[in-house]
Amino acid sequence: MENVWTITYWEIALRLFAAGFLGGLIGWEREKDNHPAGFRTHILVSLGSALIMLISIYGFSDFVNEKNVRMDPARIAAQVVSGIGFLGAGTILRHGVSVKGLTTAASLWVVAGIGLAAGAGFMFAAVLATIFVLVSLELLNRLENILIKKRHVHVLYMILSDEPGKLGELTLLIEKMGGSIRRVNFEESESDSNQVALTFHIRLTEKTSIAELCEEISKIQGIKSVRTE
1 MENVWTITYW
11 EIALRLFAAG
21 FLGGLIGWER
31 EKDNHPAGFR
41 THILVSLGSA
51 LIMLISIYGF
61 SDFVNEKNVR
71 MDPARIAAQV
81 VSGIGFLGAG
91 TILRHGVSVK
101 GLTTAASLWV
111 VAGIGLAAGA
121 GFMFAAVLAT
131 IFVLVSLELL
141 NRLENILIKK
151 RHVHVLYMIL
161 SDEPGKLGEL
171 TLLIEKMGGS
181 IRRVNFEESE
191 SDSNQVALTF
201 HIRLTEKTSI
211 AELCEEISKI
221 QGIKSVRTE
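Using full-length UniProt numbering, you'd call the opening residue of the sequence shown number 1 and step up by one each time.
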């Protein structure tokens, strides 16, 4: 009877290669869009998860026949699920009132699962999960851009007086003109400590031009300058 607790070197190599390759596919999608965790990070997470799963299943095979020894292949591997959260948290960045990196953190979590599946020899699930992840990251992203093609993202740079309520006033004006704020960055002005530099990433409909928006913003008291890319 074949011992289920043993594995050949070729099988180990195949599973590690599959884990690295599948993780790399997802990492490449993140890398080309300059996300916090890219190609190498996803490969390492997937490889590490596969290795931990291999150790969990086969690393203690010499002790299987020992008295009072019970094998639990999921015991060590289970720590990957909770441990990957620390790495994922490092990819989540807060920019003003918006948060970036949640999708990359989720992709790292999924890649860890793919690595565990590859390490356990569950190749069909690992490959299928990779396909689903790539579809949701790449194809659905393109579909979203097609569905909202009438809305264009613009970047506004402005210098304004450091006064309470200015951000709220700007937000109300942008929303009133049909804009949707995607991200806001704050910086202190290098030339004047009483001024701040704001960068708005705004999605506008075709009904409103960026020139009209800039003109209305410039009318707000305390706005020193406003320009766009």
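Even glycine gets a Cβ: it sits at the ideal position worked out from N, Cα and C.
Per DSSP, the unbroken alpha helix (DSSP H) holding R30 starts and ends at 9-31.
Secondary structure at Q221: coil, using DSSP grouped into helix, strand and coil. A Cβ-Cβ separation of about 6 angstroms places T228 in contact with V155 under the 8 angstroms criterion.
The DSSP-derived three-state label of A112 is helix. Taking E187 as reference, the option from A18, A106, A197 with the minimal CA-CA separation is A197. In chain order, G23, I26, G27, V111 place their CB closer than 6 angstroms to the CB of H42, counting only its own chain and leaving out the 5 sequence neighbours on each side. Between L47 and G20, the CB-CB gap stays under 8 angstroms.
With contact defined as three or more Cβ pairs closer than 8 angstroms, the segment 70-81 and the segment 52-59 are in contact. DSSP places T171 within a helical segment (H, G or I) once states are collapsed to three.
Between the alpha carbons of D162 and M177 lies a distance of about 24 angstroms.
Take V226, set aside five residues on each side of it, and the residues of its chain with a beta-carbon closer than 6 angstroms to its own are M158, C214, I217, S218, in chain order. Less than 8 angstroms separates the beta-carbon of K224 from that of L160. Looking at the DSSP output, Q195 sits in a beta bridge with S161. With fewer than 16 other Cβ atoms inside 10 Å of its own Cβ, E175 counts as exposed. Membership of R182 in the beta strand (DSSP E) is indicated by the continuous run 180-188. Under the three-state reduction of DSSP output, F200 falls in the strand class. In the DSSP assignment, V153 is bridged to R203. If you check the CB distance, V45 and G115 come in under 8 angstroms. Where G48 is concerned, the enclosing alpha helix (DSSP H) starts and stops at 39-58.
Membership of V133 in the alpha helix (DSSP H) is indicated by the continuous run 123-134.
In this structure, DSSP gives T228 an extended state, which the three-state scheme calls strand.
Straight-line spacing of the CA atoms in L108 and G121 works out to 20 angstroms. Secondary structure of A118 (DSSP, three-state): helix.
Less than 8 angstroms divides the Cβ of L51 from the Cβ of L16.
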